[in-house]
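Line by line, the protein sequences give chains P and W.
Mapping the first sequence onto my numbering, position 289 (from 1) lands on 289, and the numbers just tick up by one.
In short: position in the second sequence from 1, add 343, done, that's my numbering.
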Amino acid sequence: MSAVTHTATPPRTALRGLVLLVALVVLVIVAALWSLSVGAVPIPTQTIVNTLFNLDGEQQTYIIMKSRLPRMVLALLAGGALALSGSIIQAVIRNPLASPNIIGINSGAALFALVLVLVFPEIPQVWMPLAACIGGLTAAAFVMVVAHYRNLSAIHLALIGVAVGFVFEAGVDYLLIVSNDSESSAPMIWLTGSLWGRTWAHVTISWVPLVVLSAVALLLSYRLDLIALGEATATGLGLNVPRQRLLLLLVATLLASVSVAVVGVMGFIGLMAPHIARRLVGGSHRLMLPVAALVGMLLVVLADGIGRAIAPPIEVSAGIIAALIGAPFFIYIMLTTTSEQDS
Amino acid sequence: MSILVKGVTAGYGRDRAIVENIDLTIATGEVTILIGPNGCGKSTLLKTIGRLLKPRTGTIHADDLDVLRNHPKRVARTIAYLPQSPVVPTAITVEQLVGYGRAPHQSLLGLRSPKDIELIDQAIAATGLEELRFKPVAELSGGQRQRAFIAMALAQDTPYVMLDEPTTYLDIKHQVETLDLVRQLHGAGRTSIVVLHDIAQAARYGDRLVVMHEGRIVAEGKPADVVTPGLIRDVYGLDCEVYADPVSGTPVATPR
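What follows is the structure in structure tokens.
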């Protein structure tokens, strides 16, 4: 071990963390403003600032206030929520490859939300987050119950989650095929993880649960540190591990499900953001969770903006852009993560 | 003042009980070492006292505290428990890990009080980890990791410390280092209960040995009284000669 060289000086993690947090906030704001300016009708930043603070202009005001601003708000909310959800699930399952997508939550939420839209179109959209939550909880509960009774390893848990995800995805595909085309094209776009056609109505139905759940997640960040030490050590430190694990997974599942209800399935955010955050500030969740949330916001806002900027007036779903960035990153994680724990 | 185990029967799931009707008193100020062959129930008994396993019957008290009925956090202020080969968290420094030892004394957010900081510093100094303080635990050697986890248990500042096979996977030097640390805990007024495999080490480092066999306690007492050819034959099924360790004078069993 070459440990003894430059040793006991504190690496000023606190200061570094703070600087990083501020830098990320600035980045998120810049990216958010940029996302307001790009699209079929490019709008100069000057106009955007004017619009946001003075409300002048006419056509631009309409586009910004009715179309791009709610999209931006949703991108921030969902990006943060998916990142928090992924961070929690990775800590609880102690598997760096876990994410709400991998353990089947996203597909469960998508299927139930889709059933609501296609099979019961008369039910107002306000209920979509609730339907998605029931779907997400069903998937998560199935995985958890099996894991609990068979006392499974993290690897088995992830594999069962993948299988459960496939079952729900098959249900989604079936619904899309049997419903007639004109009806299903909108859900199809929504399912690829798109902010297209999102309005203030979607913000209205999702912002309260997402903000509350995110706050709860941040409050539980220290417990997440203890849970990540494994059941035995955490119990020794006075934690009721089964109960805390359940609570944390519940919060993570609801965060991902509500996001799916409003922005569809954005596969890689919940996987990527926690890894980027851990590399930036280490594994202590009190700092890592807020950083991950900001990274998630940044990724989704950027993905949405890029999707609009590539070939206007055509839009590429944010989920597709996120996956295009995500796939290489996923491979990179696979290649660099040392197998330090095979629990 | 002691840990009092009464009529404890415990096992996993619906399987047969691993330990049956155990009565045990662990006196304050001693290093008690649990030994016995594989599957004798020594780790299971330790897990039960450490609240990792809920016993089917029986009671456990630490001083006046009902271990099984009180809030886990309250119990964790009295008993520290370190599992065998604990999970090493990703991207956590030694200092953060030792800090987790304060969790039972802290609120939800884990903010450190001046006393927390003082005890963390003391634990790091006592285990000689000053140089490695800001190193990720995952990058340490096996012996250093074990020291870091013991430092965490020290920071927990409990009268009782329980260690499940703390020397597993360590080479002989680090085994001795770890056991010296256990003696040091004892010097600092802690009562420790340790599960070990090696009979000679148990005899050398323990004030009292508790021998288990097939889920029951078959012998307990001072090492010199407990480690006899007869007991080794009965418990391990091995024909041994017992002699005094030339360095420590404690009994060592060598197979014939």
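Ideal Cβ positions, reconstructed from N, Cα and C, are used throughout, including at glycine.
Just so it is clear, the structure is predicted and the values come from calculations on it, not from any experiment.
List the residues of chain W that residue i touches, going by C-beta distances under 9 angstroms, in chain order.
i               : result
Gly80 (chain P) : Those do not exist, as Gly80 (chain P) stays about 20 angstroms from chain W at its closest Cβ, beyond 9 angstroms.
Would residue i be called buried (16 or more neighbouring beta carbons within 10 Å of its own) or exposed?
i                : result
Pro398 (chain W) : buried
Ala23 (chain P)  : exposed
Arg245 (chain P) : buried
Glu315 (chain P) : buried
Met344 (chain W) : exposed
Gly283 (chain P) : buried
Gly382 (chain W) : exposed
Ala3 (chain P)   : Model confidence at Ala3 (chain P) stands at a pLDDT of 40, short of 50, so the residue's coordinates are unreliable and nothing is read from them.
Ser339 (chain P) : At Ser339 (chain P) the pLDDT is 45, less than 50, meaning the model places this residue with poor confidence; the figure from the coordinates comes in the next sentence. Looking at its Cβ environment, which holds fewer than 16 other Cβ atoms inside 10 Å, Ser339 (chain P) is exposed.
Lys390 (chain W) : buried
Lys478 (chain W) : buried
Ile378 (chain W) : buried
Ile64 (chain P)  : buried
Tyr586 (chain W) : exposed
Gln46 (chain P)  : exposed
Tyr222 (chain P) : buried
Ser450 (chain W) : exposed
Ala596 (chain W) : buried
Thr5 (chain P)   : In this prediction, Thr5 (chain P) scores a pLDDT of 38, lower than 50, which makes its location untrustworthy; no coordinate-derived value is stated.
His414 (chain W) : exposed
Val554 (chain W) : buried
Leu385 (chain W) : Correcting the residue type first, residue 385 (chain W) is Lys in the shown sequence and not Leu. With 16 or more Cβ atoms within 10 Å of its Cβ, Lys385 (chain W) is classed as buried.
Leu454 (chain W) : exposed
Tyr443 (chain W) : buried
Ala496 (chain W) : buried
Pro42 (chain P)  : exposed
Can you pull the chain W neighbours of residue i, defined as C-beta to C-beta under 7 angstroms?
i                : result
Ala283 (chain P) : The sequence as given places Gly at residue 283 (chain P); Ala does not occur at that position. Those within 7 angstroms of Gly283 (chain P) in chain W are Pro432, Thr433, Ala434 and Ile435.
Tell me which same chain residues have a C-beta within less than 8 angstroms of the C-beta of residue i, skipping the five on either side of it?
i                : result
Pro70 (chain P)  : Arg198, Thr199, Trp200, His202 and Val203
Arg16 (chain P)  : Val281
Leu395 (chain W) : Tyr424 and Pro426
Gly350 (chain W) : Asn364, Ile365, Asp366, Thr400, Gly401 and Thr402
Leu298 (chain P) : Leu24, Leu27, Val28, Ala31 and Gly79
Among residues of its own chain, excluding the 5 on either side of residue i, which ones have a beta-carbon nearer than 6 angstroms to its beta-carbon?
i                : result
Ala131 (chain P) : Phe112, Ala113 and Leu116
Ser179 (chain P) : Leu118
Trp196 (chain P) : Ile189 and Glu315
Gly171 (chain P) : Leu111
Leu462 (chain W) : Ala498 and Asp500
Asp406 (chain W) : Met344
Arg547 (chain W) : Ser591 and Thr593
Leu137 (chain P) : Thr253
Gln341 (chain P) : Caution is warranted here: a pLDDT of 39 is assigned to Gln341 (chain P), below 50, making its placement in the model unreliable, and the coordinate value is therefore given only provisionally. Excluding sequence neighbours, Gln341 (chain P) sits near nothing in its chain.
Give me, in chain order, the residues of the same chain whose beta-carbon lies closer than 7 angstroms to that of residue i; leave out the 5 immediate sequence neighbours on both sides.
i                : result
Trp127 (chain P) : Leu116
His540 (chain W) : Glu508
Leu513 (chain W) : Gly485, Gly486, Gln489 and Thr521
Gly549 (chain W) : Val374, Thr375, Ile376 and Pro566
Leu237 (chain P) : Leu226
Pro312 (chain P) : Gly39 and Ala40
Thr387 (chain W) : Ala353, Ile361, Val362 and Leu396
Who are the neighbours of residue i on chain P, taking C-beta pairs under 8 angstroms?
i                : result
Val418 (chain W) : Gly238
Pro415 (chain W) : Thr235, Gly238, Leu239 and Asn240
Tyr512 (chain W) : Chain P residues near Tyr512 (chain W): none, gap ~14 angstroms exceeds 8 angstroms.
Below 7 angstroms on C-beta distance, what does residue i contact in chain P?
i                : result
Leu452 (chain W) : Tyr222
Pro509 (chain W) : Going along chain P, no residue has its Cβ under 7 angstroms from Pro509 (chain W), so there is no contact; the nearest lies around 13 angstroms.
Arg394 (chain W) : Thr235
Gln439 (chain W) : Ser284
Pro447 (chain W) : Leu237 and Gly238
Check the Cβ of residue i against every Cβ in chain W and list those closer than 8 angstroms, keeping chain order.
i                : result
Arg94 (chain P)  : Val430
Arg245 (chain P) : What Arg245 (chain P) touches in chain W: nothing, since even the nearest Cβ is about 14 angstroms away.
At a threshold of 7 angstroms, does residue i count as lining the ligand SAH (C-beta to nearest heavy atom)?
i                : result
Arg599 (chain W) : Among the components modelled here there is no ligand, and therefore nothing to report on the ligand SAH.
List, in order along the chain, the chain P residues whose C-beta lies closer than 9 angstroms to that of residue i?
i                : result
Leu425 (chain W) : Ala232, Thr233 and Gly236
Tyr579 (chain W) : Per Cβ cutoff of 9 angstroms: no residues; Tyr579 (chain W) is ~27 angstroms from chain P at best.
Proximal residues, the region 223–235 of chain P versus chain W, C-beta separation under 8 angstroms: Arg223, Asp225, Leu226, Ala228, Leu229, Gly230, Glu231, Ala232, Thr233 and Thr235
Every unbroken beta strand (DSSP E) inside the region 407–481 of chain W [3 residues or more]: Secondary structure remark: continuous beta strand (DSSP E) runs of at least 3 residues inside the region 407–481 of chain W, in chain order: 422–425.
Cβ-based contacts, 9 angstroms cut-off: residues of the region 487–505 of chain W near chain P: Gln487, Phe492, Met495, Ala496, Gln499 and Met505
Length at least 3, wholly inside the region 88–152 of chain P: the beta strand (DSSP E) runs in chain order: Taking only runs of at least 3 residues, no beta strand (DSSP E) segment lies wholly in the region 88–152 of chain P.
Chain W contacts made by the region 203–219 of chain P, where a contact means CB separation under 9 angstroms: Leu219
Start-end ranges of the beta strand (DSSP E) lying completely within the region 269–340 of chain P, minimum 3 residues: none
Interfacial residues, the region 249–281 of chain P to chain B, with Cβ spacing under 7 angstroms: In the displayed structure, chain B is absent; the protein chains listed are P and W.
Those runs of the alpha helix (DSSP H) which lie wholly inside the region 511–536 of chain W and span at least 4 residues: 515–530
Near-chain P residues of the region 354–365 of chain W (beta-carbon distance less than 7 angstroms), N- to C-terminal order: none
Under 7 angstroms (Cβ pairs) to chain P, residues found in the region 539–570 of chain W: none
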